[in-house]
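Numbering-wise (full-length UniProt numbering), the sequence shown opens with residue 1 and increments by one. Since the structure comes first, as structure tokens, the remarks are kept for the end.
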Amino acid sequence: MKIDRLLEILILLMNRKHIQAKELASRFEVSTRTIYRDIETLSLAGIPVQMTRGRSGGISLMSHFTLAKIPVTPKEKHVIQLALQNLKTTHFPEINPLMQKFTALWEAEEYDWIVIDPAEYGAPPERNELFDLMKYCILEQRKLAFTYHNSNRETTTREIAPIKLWYRGNAWYVFGYCFLRQAYRLFHVHRISDPHVTTHFEPLNAENIFTIFREQATTPATKIDVTLEFSNAVYYRLLPIFPVDILEQRSGHIQVKTKIPKTDWLYSFLLSFGPDVKIVAPEELRIKIQTNLEKAIQNYQS
């Protein structure tokens with residue numbers, strides 16, 4: 001949405017002296033021409049934005065600008081409040097007082113019309129402490145050491161210069177420079193144990209880091225064509241996962257033909273349905289699930 005982009009551009013300008021249009025275009029995946037139109041929109045709205053040429057130039061706000069002078073509509077206030085409500089899921093202590101400041105600034109009542117509960121069943125209380133630790137390391141430029149358990153059940157000791165926390169697909173990741181691999185890596189937070197702070201690290205090239213992060217974080221998994229047959233009893237479980245138009249009702253079952261990323265999630269997803277799913281194709285996937293089921297049965301044989 002354009003309003004979301006305009007608001008984020010404004011916040012970026014408030015936190016930095018100046019920023020290049022090229023950097024904004026890369027961040028929002030739009031053209032520089034679109035960014036210039038956005039800047040013009042901000043100017044027409046009364047925001048004192050200025051642009052200067054040269055190597056040290058760019059887009060900036062005039063020094064006298066303050067947040068209180070932003071003309072914000074009631075709808076836009078609700079958008080900002082919702083964004084802050086979402087940030088509560090990160091457990092950052094600064095969010096609650098920030099919401100109170102916005103409420104006081106706009107003389108508006110804070111109405112919790114949406115509740116977001118990120119709680120995980122069985123999640124240890126140490127999880128929140130881990131997020132606080134990672135946040136501290138990122139902001140204070142301290143190395144983070146930990147034991148990492150990868151998807152191949154291999155355990156290694158890592159030390160990283162953490163750069164970003166990233167939330168994607170109901171999971172948290174930390175991105176940083178891994179000193180063991182001598183390269184940038186993305187780590188699944190749930191696979192981290194025994195975290196602790198070590199030494200200080202020097203700031204890294206932010207522009208290169210951002211480019212590498214985007215390339216690594218958005219690399220899609222290989223997708224495969226699958227044909228699945230589910231029993232009618234699990235129809236409700238399919239609704240949040242597949243579009244209704246590909247759920248083909250047949251005699252006694254539901255057939256799904258689609259493309260699904262070939263990841264460990266696919267195997268655990270299919271196994272979670274037990275006898276309520278049949279893999280029609282591909283044969284490779286049928287064999288993989290059959291092998292996993294046979295191994296599971298062996299655990300219960302005396």
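Each residue gets a CB set at the ideal place from its N, CA and C atoms; glycine is no exception. Small disclaimer: the values here were computed from a predicted structure and weren't measured.
With H, G and I counted as helix, E and B as strand and the rest as coil, what does DSSP make of residue i?
{"i": "His188", "result": "strand"}
{"i": "Leu266", "result": "helix"}
{"i": "Gln182", "result": "coil"}
{"i": "His78", "result": "helix"}
{"i": "Lys135", "result": "helix"}
{"i": "Tyr300", "result": "coil"}
{"i": "Lys288", "result": "helix"}
{"i": "Ile254", "result": "strand"}
{"i": "Arg153", "result": "coil"}
{"i": "Lys295", "result": "helix"}
{"i": "Leu204", "result": "coil"}
{"i": "Gly122", "result": "Any reading at Gly122 must be qualified, since the residue scores a pLDDT of 48, below 50, and its modelled position is unreliable; no value is offered."}
{"i": "Ile241", "result": "coil"}
Got a sec, what are the start and stop residues for the beta strand (DSSP E) residue i sits in?
{"i": "Ala21", "result": "Ala21 -> not in any beta strand (DSSP E); alpha helix (DSSP H) instead, spanning Ala21 to Phe28."}
{"i": "Glu229", "result": "Lys223 to Ser231"}
{"i": "Ile59", "result": "Gly58 to Leu61"}
{"i": "Arg250", "result": "Leu247 to Arg250"}
{"i": "Thr73", "result": "Here Thr73 belongs to no beta strand (DSSP E), and DSSP marks it neither H nor E."}
{"i": "Val49", "result": "Val49 to Thr52"}
Using DSSP's beta-bridge definition, name the partner residues of residue i.
{"i": "Phe146", "result": "Arg158"}
{"i": "His196", "result": "Ala145"}
{"i": "Pro261", "result": "Lys223"}
{"i": "Gly176", "result": "Pro162 and Arg185"}
{"i": "Pro277", "result": "Note that residue 277 is Val in the sequence shown here, rather than Pro. BP columns for Val277 point to Phe230."}
{"i": "Arg168", "result": "Ala171"}
Let me check understanding here. Comparing Cα to Cα, which of the options lies closest to residue i?
{"i": "Gln141", "options": "Arg250, Leu133 and Tyr173", "result": "Leu133"}
{"i": "His188", "options": "Arg181, His200, Trp172 and Thr227", "result": "Trp172"}
{"i": "Lys25", "options": "Ile59, Lys17, Gly46 and Pro243", "result": "Position check: residue 25 holds Ala in this sequence, whereas Lys was assumed. Nearest option by C-alpha distance: Ile59."}
{"i": "Ile224", "options": "Val277, Ile192, Leu285 and Phe146", "result": "Leu285"}
{"i": "Leu180", "options": "Leu239, Ile160 and Arg5", "result": "Ile160"}
{"i": "Val49", "options": "Ala83, Leu12, Val79 and Ser272", "result": "Leu12"}
{"i": "Thr199", "options": "Leu10, Lys143 and Glu23", "result": "Lys143"}
{"i": "Gln255", "options": "Phe242, Tyr267, Thr147 and Leu293", "result": "Phe242"}
{"i": "Tyr267", "options": "His18, Thr291, Leu10 and Gly46", "result": "Thr291"}
{"i": "Thr258", "options": "Ser272, Leu293 and Pro282", "result": "Pro282"}
{"i": "Thr41", "options": "Met62, Phe146 and Leu6", "result": "Leu6"}
{"i": "Asp194", "options": "His18, Phe131 and Pro261", "result": "Phe131"}
{"i": "Ala233", "options": "Ile287, Ile47, Arg185 and His253", "result": "His253"}
{"i": "Lys164", "options": "Thr211, Gln182 and Ile289", "result": "Thr211"}
{"i": "residue 305", "options": "Phe146, Gln81, His78 and Gly46", "result": "Residue 305 is absent from the model: the chain starts at 1 and stops at 302."}
{"i": "Pro162", "options": "Glu229, Trp265 and Phe201", "result": "Phe201"}
{"i": "residue 373", "options": "Arg191, Thr157 and Ile209", "result": "Because the chain spans 1 through 302 in this model, residue 373 falls outside it and cannot be assessed."}
{"i": "His190", "options": "Met14, Ser231, Val277 and Ser151", "result": "Ser151"}
At what residues does the alpha helix (DSSP H) containing residue i begin and finish?
{"i": "Ile39", "result": "Thr32 to Leu44"}
{"i": "Leu238", "result": "Tyr235 to Leu238"}
Is residue i close to chain E, meaning its C-beta is less than 8 Å from at least one C-beta of that chain?
{"i": "Thr52", "result": "The displayed structure is made up of one protein chain only, and chain E is not part of it."}
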